[in-house]
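Report on the structure given below.
Protein chains: 2
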Amino acid sequence: MDNTAYFEAIFEPDLLQEINRFGVLKHFKEGDIIMDYGKYIRMMPMVIKGTLKVLKKDETGKEILLYYLSSNESCSMAYSCCLEAKKSEVKAIAEEDVDLIAIPHTKLDEWLCKYPSWKNYIMRSFNLRFLELLKSIESIAFHKLDDRLISYLKEKQRLSGSSVIRVSHYLIADDLATSRVVISRLLRQLENDGRIILYRNEIKLLSSFDQA
Amino acid sequence: MDNTAYFEAIFEPDLLQEINRFGVLKHFKEGDIIMDYGKYIRMMPMVIKGTLKVLKKDETGKEILLYYLSSNESCSMAYSCCLEAKKSEVKAIAEEDVDLIAIPHTKLDEWLCKYPSWKNYIMRSFNLRFLELLKSIESIAFHKLDDRLISYLKEKQRLSGSSVIRVSHYLIADDLATSRVVISRLLRQLENDGRIILYRNEIKLLSSFDQA
DNA sequence: TGTTGAGTGTAACATTTGTCACCATGATCG
DNA sequence: CGATCATGGTGACAAATGTTACACTCAACA
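Order-wise, the sequence lines are chains A and B.
Note that the numbering used here has the first sequence beginning at 1, numbered continuously upward.
Note that the numbering used here has the second sequence beginning at 1001, numbered continuously upward.
Okay, here's the thing in structure tokens:
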């Protein structure tokens, strides 16, 4: 196991041992479905490496991106579902290759009382999830598609660490719950404004992109 | 204190005593602001009586309704904020007269370990809040305004227990983050379809309203 | 080499939602 | 009674987004 430095910094040794003993290390490849609608949730995932995205769909099957989960983050929504063995309302897909530790829900509860650092971690995770969902609502409710597209591209840039983004117009349209034609139209506009350059399956953000 | 039967049913006597000792009973009148943007949160509210609504606003001040909180429900978003003494991202207004018990955050933590029924209550609350936010996202992202208006009216009907809803077009427009003219237009359409009757400050849902 | 499929550009049009302007009505209060 | 204000009805138009249809390019591959 690598990349656990963050956890070593915030958890006491006893807890780390328990995580090692009871947590189940899982690997997913880019595109793998980590959690799907309607499946029962019995574990909470802690992401060690990589990024996954969390989606919600409507009755007709159209999906929208809720947020990303990266290294050291957890999906506490999963935790709150464990209690009553609820079915999932969301889907999670590996955006890149992902390593995560799945913690069984019996331990989640036990550690809550036993380790203050665990309780803090969980509470911070709850708070982060709420904030992400609120951000998502704000974006959908108050911002026009062109703004949302720009935010989307910036987030991709941040996650990949590169200003060249490998993604098709179709995929963007799916994540923003609109159609490909609309996205192509807006991207073309951004290109005309000299903020990006479009290639096949690739978008290059220019230095002028960050304006406004 | 009245209307605490629900809590008596799910909490053990010891915990009820503690709630009585450390919880602060507060009253709000219809329209009172219970929590506002940017204020620090140090308590978690448990609603005893009445209904309050929770809003989020954008930079320009436009607000949108997130969800309602009614009897026996708690805002666990507040709880998760307590840990780091965060500022509120949302506003809460009394929809009708409200009685609630405010629990100081030190006790929140303490009881989590001490009383399993409290932990269950809190976890269920977290889960409910997540589900409400997801419902809100689904509504905004996937449904047209006419559907959202219908859902809004149904929710009002459910909360008031009456098919006569006292509300102005302006208020609906605020809650749905749109303009009065748009709402008036859609309501007129619903009236033409024979599903509602419009009066001043009042909307009557007909029996045909529940269709489709 | 030719075929196939995914990705993209683009026009034309429909629908939904937002905005502005103006008027009408009913409530309140001096 | 008359002034004022909140509420809501309506037309006209603008802007944003959705939809359909079709052409073109590129990569993969038989």
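Every residue gets a Cβ at the ideal spot worked out from N, C-alpha and C, and that includes glycine.
- Using a CB distance cut-off of 9 Å, Met1123(B) counts as an interface residue toward chain A.
- For Lys39(A), the closest C-alpha among the options Leu25(A), Cys82(A), Glu30(A) and Leu66(A) is that of Cys82(A).
- With fewer than 16 other Cβ atoms inside 10 Å of its own Cβ, Ala1005(B) counts as exposed.
- Against chain B, the CB of Leu15(A) has no partner CB under 9 Å away; the residue lies outside that interface.
- At least 9 Å separates the beta-carbon of Val98(A) from that of Phe22(A).
- When DSSP states are grouped into helix, strand and coil, Phe28(A) belongs to the strand group.
- With its beta carbon less than 9 Å from one in chain B, Asn127(A) belongs to the interface.
- The beta carbon of Ile196(A) sits closer than 8 Å to those of Leu153, Leu187, Leu190, Ile203, Lys204, Leu205, Leu206 and Phe209, all from its chain and outside the five residues before and after it, given in chain order.
- Listed along chain B, the residues sitting closer than 8 Å to Leu131(A) by beta-carbon distance are Glu1089.
- A check of alpha carbon separations from Tyr1121(B) across Lys1156(B), Cys1075(B) and Glu1095(B) identifies Cys1075(B) as the nearest.
- The C-beta distance from Ile33(A) to Ile93(A) rounds to 6 Å, short enough to meet the 8 Å contact threshold.
- The continuous beta strand (DSSP E) containing Val1047(B) extends over residues Met1043 to Lys1049.
- In the DSSP assignment, Asp175(A) falls outside any beta strand (DSSP E) and within the unbroken alpha helix (DSSP H) covering His169 to Asp175.
- The count of Cβ pairs closer than 8 Å, one atom from the region 1122-1129 of chain B and one from the region 40-54 of chain A, stays below three, leaving the stretches out of contact.
- Taking 9 Å as the Cβ-Cβ cut-off, the region 70-89 of chain A approaches chain B at Ser76, Met77, Tyr79, Ser80, Cys81, Cys82, Leu83, Glu84, Lys86 and Glu89, given in chain order.
- Short of 8 Å from the beta carbon of Val90(A), and not among the five residues preceding or following it, lie these beta carbons of its own chain, in chain order: Met35, Tyr37, Val54, Leu55, Lys56, Leu66 and Met77.
- Secondary structure note for Val90(A): it is in no beta strand (DSSP E), with a DSSP letter that is neither H nor E.
- Per the coordinates, the alpha-carbon of Ser160(A) lies some 11 Å from the alpha-carbon of Ser70(A).
- The bridge partners DSSP lists for Val182(A) come to none.
- With fewer than 16 neighbouring CB atoms inside 10 Å of its own CB, Ala1085(B) falls in the exposed class.
- For Lys1053(B), the pairing in a beta bridge is given by DSSP as Tyr1068(B) and Ile1093(B).
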